[in-house]
Structure formats: structure tokens, C-alpha cells
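Asks:
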Amino acid sequence: MVSLLATVLCLAVAPLATAYPKAEAVEARCGNIPSNYQPPSITTLPDPFTFINGDRVKSKRDFRCRQKEIAALFARFELGDKPAADSVKGSFANNILTVTVTNNKKSIAFNATITYPEKGKAPYPAIITLGYPNIPKLDGVAFINFPNDQIAGQIGASYRGQGLFYELYGKNASAGSLTAWAWGVSRLIDALEETRGTKINVEFIGVTGCSRNGKGAFVVGALDDRIGLTIPQESGTGGSGCWRVADATKAAGTNIQTAAQIITENTWLSQRFDPWTTKVSSLPIDHHLLAGLVAPRGLLVIDNDIDWLGPTSTAVCMGVGQLVYKALGETDAFGYSDVGAHNHCLFPDSQKPQLEAFVKKWLFDKEVDTDGVFVTSRNITLTDWYKWKVPRLY
Ligand SMILES: *[C@@H]1O[C@H](CO)[C@@H](O)[C@H](O)[C@H]1NC(C)=O
Ligand SMILES: *[C@@H]1O[C@H](CO)[C@@H](O)[C@H](O)[C@H]1NC(C)=O
Ligand SMILES: *[C@@H]1O[C@H](CO)[C@@H](O)[C@H](O)[C@H]1NC(C)=O
């Protein structure tokens, strides 16, 4: 068994933040990608701090604009579009929140069951779970079960276009299931905001899921600024791993999930992604930028030492993603913890203190030291994987 080498990256000490800053509005031009845009090939991880037109990001405000561009690039190349809806209604009874969404005169409805904590006091912060939670119960935190499989099917690749999302937007909608779930969680939060009696504090919402649902949790957190803490668990390639690093790991002889494999297995990604899976170095994005979309909000990436998940890929990918938090001066909002020697999706006790610290800080607004959490057994050299400078943004 590999012995654990905890690498603690000591980064600049950020002022003690007590809640993540609310996203500023950005100009409408942000996120407009020319329709004829052809991304250049780059074998290392793309620069978070340069716009596709070559302009550098010089301020936090510029970075908000770049985040819109990054989200648009993810939509165009990998995830498909996350559409708006005409209206959302919530109703609450017997601990079930029923969310009804109407678009273009069609409606769908789904139920989200809320499980309240034994201790703590209302209104409760809540963690939305894709599937059953694989993290332990947390004092004072409600869990809201989001029925992601009803929103978009994921039994196998033949389930593309199945689920409530596609009843509203058509079977040929560009969104893969991860994006459809992100849409559904956003509508669930819309409903929480307007429904009385749920005893949930909508200012303090987290999201989690494990494995395939961990890929989902990461995309959900990346695409909705109202989520203060994102906890993707053992999400591997398509979640906390990078496409480029996964391909390099596979080429070196490890049995890891790759872009070319993932599209044959399931419906998670948009079909727009298919042509790029044999040339991932031509993608203008990679998953360090998924972390870059969650920033500066809380992100605790839980991983496991299983080859298929790619512990080197996730450590490199999140190590480079962490540089975005460094640029923003928000390193206490980022954690990566890969602890092995346990079954897939079985949360080990040794990670509980990190989880509890992130929850206290980002869901209870308590002053807790969460800075510099980076645990891996892998000997990684981040500078092999990025060739750009990390600015300090104000
Ligand atoms: C939601 O749950 C209620 C109560 O169990 C049930 O009557 C209703 O049919 C459910 N709705 C959906 C959309 O599943
Ligand atoms: C969906 O796409 C398929 C294949 O391109 C096409 O045959 C079908 O007509 C499309 N359906 C709708 C509703 O647009
Ligand atoms: C880590 O890798 C570098 C070069 O890639 C090597 O010089 C170093 O000895 C390695 N360290 C350990 C602990 O294996």
C-alpha cells in the first residue's frame, strides 16, 4: 500500500473571509465566443488568466468576465447549454419540496426530500445531494435529496435524451446529463428561495455526490453562484481529473478513464464533446478551469487512490486549479484531499476533520482555518503542466 505523503502547500495567508463574496454582475459581452472560434492546440493546461482574444486578466473584475467566457467554452465544447426556464414554483409538505418548472407552456415536476439534522437550529444550512449522500451526517446541516436520475438518465449511453429535462427542452437538447442536473439543482434552489416553511437557509447551500454523481456535483457547483460549498467526491475523470493528464496517464500504461472512453460509457457530457475526445489538446478548457468556475466559493475535492479515477490526474488538475484561488487571494476556500485504502465512495474517518472545517466555514460562517489543505500520495510536478504566470488579482 502506498504510504501517504501529505503535501501541504503553504500559500499566501488570505485575510479571514467569513462568507464567499457575492458574484458581481459583468458586462453582457463577457462570454461571447465568436461562432467561428477555433481553439489552438496546447498540450499543457490552458491559461485561466488569458481571454481567447489574447487579453490578460488584470483584476478580479476581469476574472469574473473570463469566468463567463470559460463557462461558455465549457458549454460549447464539453457540457452543452444550461437553459433558463419561464417559471419555477415550489410547494412543501411532509418534508418534501415539490419543484414545478414551466417552459414554453410545458411543465415538469420533481420531488426533493429534505432530511433535517437532529441537532442545530432552523433555518438550517443544507447540502444538496446527487443520489444518496456518501459523506457522513453533519451537525446542524440538512440534506436535500435531488433526484438527478429523474432529471436526466445515466444508466448507459442509450439513455441520452431521457428524463424530465428533455421533456421540457427536447430530446436533442445539447446538454449532457451533468448540465441537465445543474439546471435541475438551480431550479431546486429557485424553489427553495420562494417557498415558505422549508426551514432551510438559502444563503448557505452546499452540493455533493460521489463517483458519477461527483462529476455532477462539480458541474452543479461550477454553474450556480448561489452554491457556497461544492464537495465532489471521487469524481475522477470528467470531474476533478483533467482530460489531458488522463490521456498522458493512460499512455504511460495506467487503466484510467479517458475522454475517448467516457463518451462510450454514458450520457454525462454533451455530444458536442465527441469530436474532441481524440484530440483533447485542442480543447480550450480542461477541468482545472472547472475549479476556476467555482472560485472564489468553497470547494473541497475528496478523492481516492483508485487507478480508474486517476489520482495523479486529479492531484495535478486540482493543484493547477488551486492557482486560481491563489490569484484571487482565497486559498482558504480550496481543499484537495486524496486518501486511499478504502472502497469507492466509502468516506474514510480521516477526512472528517477537513470536511467539518469546510462546512463550519462555508455553511456556518465560522472562523475556521481551512487554508492550504492539499493531501496526495502522488509525486507531482505542477510546473510540468502549466506554462503561464499566476497574477495576484485585486
Ligand atoms: C411528490 O410526492 C408526493 C407525496 O408523496 C406525491 O403525491 C407526488 O406524486 C410526488 N410528485 C412527483 C412529481 O414525484
Ligand atoms: C433529433 O435529431 C435526430 C438526429 O439528428 C433527428 O433525426 C430528429 O429529427 C431530431 N428531433 C427533433 C425533435 O429535433
Ligand atoms: C519526485 O519526482 C522528481 C522528478 O520528477 C524527483 O526528482 C524526486 O526525487 C521525486 N520525489 C520522490 C519523493 O519520489
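Taken in order, the sequence shown gives residues -19 to -1, 1 to 375; the numbers are from mature numbering (1 follows the signal peptide of the UniProt record, and there is no 0). By construction, the Cβ of each residue, glycine as well, lies at the ideal position given by its N, Cα and C atoms.
Could you round the C-beta distance between residue 226 and residue 240 to whole angstroms and report it? I think they count as a contact, below 8 Å.
Replies: With 8 Å as the limit, residue 226 and residue 240 do not qualify as a contact, their Cβ atoms being about 11 Å apart.
Asks: Is residue 259 a contact residue of ligand 1, with contact defined as CB to any heavy atom under 7 Å?
Replies: Outside the cutoff, so no.
Asks: So what's residue 226 in DSSP terms, helix, strand or just coil?
Replies: Three-state result, residue 226: helix.
Asks: Helix, strand or coil for residue 375, going by three-state DSSP, please let me know.
Replies: Three-state DSSP puts residue 375 in coil, outside helix and strand.
Asks: Just to confirm the assignment, what range does the alpha helix (DSSP H) spanning residue 339 have?
Replies: Counting along the chain, the alpha helix (DSSP H) containing residue 339 begins and ends at 333 to 345.
Asks: Which residues are close to ligand 4, meaning CB closer than 6 Å to any heavy atom, in chain order?
Replies: Ligand 4 is absent from the structure shown, which contains only ligand 1, ligand 2 and ligand 3.
Asks: Pick helix, strand or coil for residue 195, following the three-state DSSP scheme.
Replies: Residue 195: helix per DSSP, three-state reduction.
Asks: Is the stretch 145 to 157 in contact with the stretch 300 to 313, if contact means three or more CB pairs nearer than 8 Å?
Replies: Contact between the stretch 145 to 157 and the stretch 300 to 313 is absent, because fewer than three Cβ pairs lie under 8 Å.
Asks: Could you check whether the stretch 75 to 88 touches the stretch 162 to 178, counting it as contact only if at least three pairs of C-beta atoms, one from each stretch, sit closer than 8 Å?
Replies: In short, these stretches touch, since the Cβ pair count reaches three.
Asks: Within the same chain, show all residues whose beta-carbon is closer than 6 Å to that of residue 254, passing over the 5 residues directly before and after it, in chain order.
Replies: Excluding sequence neighbours, residue 254 sits near 59.
Asks: Between which two residues does the beta strand (DSSP E) containing residue 48 stretch?
Replies: Premise fails: residue 48 lies in the alpha helix (DSSP H), 41 to 55, not in any beta strand (DSSP E).
Asks: Quick one: using the 10 Å Cβ neighbour count with 16 as the cut-off for buried, is residue 35 buried or exposed?
Replies: Per the 10 Å Cβ criterion, exposed.
Asks: Within its chain, find whatever has a CB closer than 6 Å to the CB of residue 373; leave out the 5 residues flanking it on each side and keep chain order.
Replies: Excluding sequence neighbours, residue 373 sits near nothing in its chain.
Asks: Taking the alpha carbon of residue 456 as the point to measure from, which residue in 203, 278, 233 and 116 has its own alpha carbon closest?
Replies: What the structure shows of the chain is the stretch from -19 to 375, and residue 456 is not part of that stretch, so it cannot be assessed.
Asks: Buried or exposed, going by whether 16 or more other CB atoms sit within 10 Å of the CB of residue 115?
Replies: Buried.
Asks: Only counting the same chain, and skipping five residues up and downstream in sequence, which positions put a Cβ closer than 8 Å to that of residue 131?
Replies: The answer, listed in chain order, is 91, 144 and 145.
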